[in-house]
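Report on the structure given below.
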Amino acid sequence: MPSPDVLLVGLGSTHGLRVAEDELAGSLHRAGAEVVLARARRPREVRTFALTDLGWALAARRAAAGALARDDPRAVLYLTTTAALLWPRPGAIRFDAPAAANRPGRHGIWQRPLERRRLAQAPLLVPQDPGALAEAGAPPTPAIVVPIPVEPSAPEDGAGAPERDVAAVTYAANPAKKGLDRVLAAWDVARAPGETLVVAGLHGADRDGVRYAGTLPGPAFRALLRRARVYVTAPRREDYGIAQLEALADGCRVVTTPAPGPYAALPLLAGGVGWVADDALLPGALRSALDADEPGYAARALAAIAPFRRAAVDRVVAERLLPALLAGR
């Protein structure tokens, strides 16, 4: 069997990462490349971010080394900076946010300096958003921005669309980072009698107007977005904003606070398809979105995410990314 064109080395540590990894593998395959995706095996859980990253970096090294022992790919693409930290062979690096930004202080004591070296040594960087490249310090390495593709989860003609019988949804698998406390405070002010906020990604005690849905598989979360009038979030930091883009794809109005981080969805939301407000004005923005009545909103939101749709990403991969990956061999 001939060697693959591209070896992808991923962590697969979360549902979102696995989806993004599979999407890129599929896009490269549609561009005509033979692709192998090697995923790290989950390491044992430890108590600190520094040790957690070390465990995943070692697991990614083992996955990459095993794949390289079997094949001699023309290019290697590490799908996070963590996967690249202990690489057995240099390769391109894809990332949403660097350790330089999301591992402050002691949490990134060893990752940040090694990450700087890897970003400088890599033949190519593949950030998911230009903001990620800026947070990495704009290294001189050539870079190609390749977003995560987002598609509607139901037919675009609206056939069989459910009634939007859920007032609002938020995602809070990491409640502090996602600002759940700020969302709940705004909800308590903004909600009308009978309206319910569904909190996905987290278990909790239901109360009047708030229901916890726990961890949901991807299709179930998207089904919830199709039923919701509003998706609301108040992140303290946003590395990408995939849930916001998914909400737009499914015609759900999006309310957010501005946040540091690459936050790829924020320019779209601030540009007219969302409601963006600081903490003090969040209840009013949320109420405005709940009361909005624009029959054409779903179509307008879908048009706004055109650069993030699969066809647009496939063009970038076929015309720019794959030729750049294979240029050295």
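FYI, the numbering for the sequence shown is 128 to 456, going by the numbering used here.
From the three backbone atoms N, C-alpha and C, an ideal C-beta is built for every residue, glycine too.
None of the values given here were measured: they were computed from a predicted structure.
- In this structure, the alpha-carbon of Gly321 lies about 7 Å from that of Gly336.
- Counted as a single uninterrupted DSSP element, the beta strand (DSSP E) harbouring Ile220 occupies residues Ala219 to Phe222.
- Taking a cut-off of 8 Å on C-beta distances, the region 386-401 touches the region 255-264, as three or more cross pairs fall below it.
- Annotation for Gly182: the continuous alpha helix (DSSP H) segment containing it runs Phe176 to Arg197.
- Per DSSP, the continuous beta strand (DSSP E) segment holding Tyr358 begins and ends at Ala355 to Thr360.
- As summarised for the region 237-301, the continuous beta strand (DSSP E) elements at least 3 residues long and confined to that stretch are 252-254 and 293-298, given in chain order.
- Taking C-beta atoms as the reference points, Arg363 and Cys379 fail to come closer than 9 Å.
- At the C-beta level, Ala451 and Ile271 come within 9 Å of one another.
- Boundaries of the alpha helix (DSSP H) harbouring Gly411: Leu409 to Asp418, taken from the DSSP string.
- Exclusion of the five residues before and after Arg353 leaves Ser280, Ala281, Ala288, Pro289 and Asp377 as the residues of its chain whose Cβ lies within less than 7 Å of its Cβ.
- Between the region 206-226 and the region 410-427 there are fewer than three C-beta pairs closer than 8 Å, too few to call the two in contact.
- Inclusion of Asp132 and Leu155 in the CB contact set at 9 Å is warranted, their separation being smaller than that value.
- Contact check for Leu204 against Leu151 passes: the beta carbons are separated by less than 9 Å.
- Trp214 carries a coil assignment under DSSP once its states are collapsed to helix, strand and coil.
- Nearest in C-alpha terms to Val293, of all of Ala430, Arg349 and Arg230, is Arg349.
- Between the alpha carbons of Thr209 and Trp183 lies a distance of about 7 Å.
- Closest option to Gln248, judged by alpha-carbon separation, among Ala191, Pro274 and Arg216: Arg216.
- One Cα belongs to Leu409, the other to Ala327, and the distance between them is close to 20 Å.
- Beta bridge pairing from DSSP links Ala165 with Val136.
- For Ala160, the secondary structure class from DSSP, reduced to helix, strand or coil, is coil.
- Nearest C-alpha to Val310 among Thr268, Arg414 and Val359: Val359.
- In the three-state reduction of the DSSP assignment, Gly232 falls in the helix class, which pools H, G and I.
- Going by C-alpha positions, Ala319 is about 21 Å away from Gly306.
- For the set Phe176, Asp199 and Pro170, the Cα lying nearest the Cα of Arg189 is the one of Pro170.
- Judged by beta-carbon spacing, Ala186 lies beyond the 9 Å limit of Ala211, meaning their Cβ atoms are not closer than that value.
- When secondary structure is reduced to three states using DSSP, Thr208 falls in the helix class.
- Excluding residues up to 5 positions away in sequence, Ala226 lie with their Cβ nearer than 6 Å to the Cβ of Gly235 in the same chain.
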